[in-house]
């Protein structure tokens, strides 16, 4: 009888351990005795309860980790989009600077052309002034001659 009682308790512990190893976290063993074997059964039940609690904690941590992973993926996608927008902006700025540089070059060329035209105009203006002076002097000479002729005819 003692042998059967021990054998039933050991068999129940063995079955419970197999079920626990198979993933049944609800397993608990009942002991009908109050001897050392009952202490082993109580220890097994404590281990099973601790294991169940540990697995619950792991499951919760997996959920937190999965959410953190989704959050991190979202942040990475946002950062990637921001980086792409920055790259586009930099390319646009570079194109604008290149266009401004070309415009500055065109302005410089136009300034050189205007300077040449101004120098040429200045020379033509000096020549015109000189021609005007000569013409004025010649007209003054003609006017003096005409005055002299007029004076002689009236006398």
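Numbering (the numbering used here), first residue to last: 306 to 460.
The beta carbon of each residue, even a glycine, is placed where N, CA and C say it ideally should be.
Cutoff 8 angstroms; reference residue i; Cβ partners in own chain excluding five residues on either side
i	result
residue 330	353, 356, 357, 360
residue 458	none
residue 315	342
residue 387	none
Where the alpha helix (DSSP H) through residue i begins and ends
i	result
residue 424	341 to 459
Helix, strand or coil at residue i [DSSP, three-state]
i	result
residue 330	coil
residue 336	coil
Residue of the options minimising C-alpha distance to residue i
i	options	result
residue 320	340, 308, 339, 346	346
residue 339	366, 439, 311	311
residue 313	408, 336, 440	336
residue 333	442, 344, 349	349
residue 322	308, 351, 410	351
Beta-carbon proximity list for residue i, same chain, < 6 angstroms, skipping 5 on both sides
i	result
residue 449	none
residue 365	none
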